[in-house]
Amino acid sequence: MIGFYAAAAARLADPVRCPAVLQVAPAMDAEATVETLALAADVTAIVSPLSDEAYPVSQAALMVTQVEDWTFGVTMAMVFPGGFAQFEPARDQIKAALRGWIPDGAAGPVQYAGGTLLEYAAKDGGRWLHLLRFRVRVHETYGAQS
37 MIGFYAAAAA
47 RLADPVRCPA
57 VLQVAPAMDA
67 EATVETLALA
77 ADVTAIVSPL
87 SDEAYPVSQA
97 ALMVTQVEDW
107 TFGVTMAMVF
117 PGGFAQFEPA
127 RDQIKAALRG
137 WIPDGAAGPV
147 QYAGGTLLEY
157 AAKDGGRWLH
167 LLRFRVRVHE
177 TYGAQS
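Here the sequence shown is numbered in this note's numbering, starting from 37 and rising by one per residue.
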């Protein structure tokens, strides 16, 4: 599913879907990306891969298919004092934008898989990082390997 993370980021960057989200970026390393962005009271959302789980390979003639469950994250990053007011609307908008979406090449809809606090520094100008996890099932098909 080439372009999956960019497509997920594009959904979150849509101001109609997620008006509480200021900026969106796809990244391989969300925490490193946070360091390069200018954070504000509005939420920045960073889409990144987290893990995948593969199931046994099935083979039909010259093709090999494997089902994989991809887990990806949206790291919500914001600074204080304004971040408190934006957290809940942004979280709800991000979940609504991704939950149930069927990306091109996916075998089913994106599922919300839970969230967790990554960092919370509650001083003025401090930052808050919260990770939302999502899962999507994909079927990867390749030519048979010899």
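Here a beta-carbon is modelled for each residue, glycine too, at the ideal position from N, C-alpha and C.
As the structure is a computational prediction, the values presented were derived from the model and not from experiment.
Taking a contact as a CB-CB distance under 8 angstroms, the pair H175 and T101 counts as one, their CB atoms being some 6 angstroms apart. Counting every other CB atom within 10 Å of its CB across the protein chains shown gives L48 a total of 16 or more, marking it as buried.
Looking at the DSSP output, P92 sits in no beta bridge, so it has no partner there. A Cβ-Cβ separation of about 13 angstroms leaves A45 out of contact with V79 under the 8 angstroms criterion. In this structure, L165 lies near T111, with their beta-carbon atoms less than 8 angstroms apart. Of all alpha-carbon atoms in P85, G151 and L73, the one lying nearest the alpha-carbon of A43 is that of P85.
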